[in-house]
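In the working numbering, the protein residues as written are 162 to 260.
Backbone N, C-alpha and C define an ideal beta-carbon position, used for all residues, glycine too.
What follows is a set of notes on a single structure, which appears directly below.
This is the structure in structure tokens:
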């Protein structure tokens, strides 16, 4: 999990996704996401996303993306991630976004 954000060159996202065969860690460039056909081998449902675009961390971490990622894991709401996983596995659909 620590190496995945480094695998995304430039701007993008790292996702924990529910797929047909369990959980997968997926990186996508730019604005792409695992719900889009053709971005990954299969359409997957994200249950957690990590923004690795420079705007997410530059003001506090400058070019220290690994430090940002390491600290980011400390603020993840794992109860919500578990809730998201339960929703996706039950409904076979993406988690609704509420604004």
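Environment of residue i [buried if 16+ CB atoms lie within 10 Å]
i	result
residue 244	exposed
residue 235	exposed
residue 179	buried
residue 239	exposed
residue 211	buried
residue 207	buried
residue 191	exposed
residue 199	exposed
residue 188	buried
residue 195	buried
residue 242	exposed
As assigned by DSSP and simplified to three states, the class of residue i
i	result
residue 226	helix
residue 237	coil
residue 256	coil
Same chain only: Cβ atoms within 6 Å of residue i, ignoring 5 sequence neighbours per side
i	result
residue 229	218, 222
residue 172	191, 214
Own chain, CB closer than 8 Å to residue i, minus 5 neighbours either side, in chain order
i	result
residue 249	179, 206, 208, 255, 256
residue 233	211
Neighbourhood of residue i by C-beta, 7 Å cutoff - its chain only, sequence neighbours within 5 removed
i	result
residue 246	179, 208
Whole runs of the beta strand (DSSP E) within the segment 169-218, excluding any shorter than 3 residues: For the segment 169-218, whole beta strand (DSSP E) runs of length 3 or above, ordered along the chain, are 173-180, 183-190, 206-212.
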